[in-house]
Amino acid sequence: MTIALKPKELKPKELKPNGLSKLRANKWLLGLLILISMIGVGYLTYYQLVVVPQQQAKLKIQTALVKRGNLMIAVSANGTVEPERSVNVSPKTSGILKQLLVKEGDSVQLGQVLAYMDASNLQGQLRQAQGNLAAAEANVQKLLNGNRTQDIATAKAQLS
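Note that my numbering numbers the sequence shown so that position 45 is 528, with each residue one more than the last.
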């Protein structure tokens, strides 16, 4: 047995509902297209009005002319400061410090006077040394001039 299939014939009434569904689909697609377009326009507007100015504000760099000047900065820190080089300075003789000309941490030059010592005890020693010098010079002169006759007579009297 063979069955032959015949193509179905379309009636004019059947075309009408099919055309309406296509029209409804087209309206729906058109509405979707308008909605997507409105979202795109809204995003572009938001991007231009909000995002771009924020990015430009981040990119702005403040500049100023360079000028030379002193900086007034206070630094506060805790810890130990270690000198690059440490030198102990001691006088040749001990005594009382009369005047200190530099402060701790000051830079000094070679040959610079750092302090003055009280020289009152050294003045006494100088006067004593000058007196001893004068006595020694007198003895030298005495020896160079020779003995006086009176000194010779006194010496002979003491021996006898």
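Backbone N, C-alpha and C define an ideal beta-carbon position, used for all residues, glycine too.
Values in this document were obtained by computation on a predicted structure and should not be read as measured data.
Contact check, residue i vs residue j, beta carbons under 7 Å
i	j	result
Leu-584	Leu-597	yes
Gln-624	Tyr-599	no
Gly-629	Asp-601	no
Limits of the unbroken beta strand (DSSP E) element including residue i
i	result
Ala-581	Checking the sequence, you will find Lys at residue 581 rather than Ala. Taken as a continuous stretch (DSSP letters only), the beta strand (DSSP E) holding Lys-581 covers 580 to 583.
Beta carbon proximity, residue i to chain B, threshold 7 Å
i	result
Gln-641	In the structure shown, chain B cannot be found, because there is only a single protein chain.
Under the three-state DSSP convention, the category residue i falls into
i	result
Met-555	coil
Ala-598	strand
Pro-574	coil
Thr-563	coil
Arg-507	helix
Leu-696	Because the chain in this structure spans residues 484 to 643, residue 696 falls outside the shown range and cannot be described.
Gly-588	coil
Asn-630	coil
Residue range of the alpha helix (DSSP H) that includes residue i
i	result
Ile-544	Ile-544 -> no alpha helix (DSSP H), and no H or E assigned at all.
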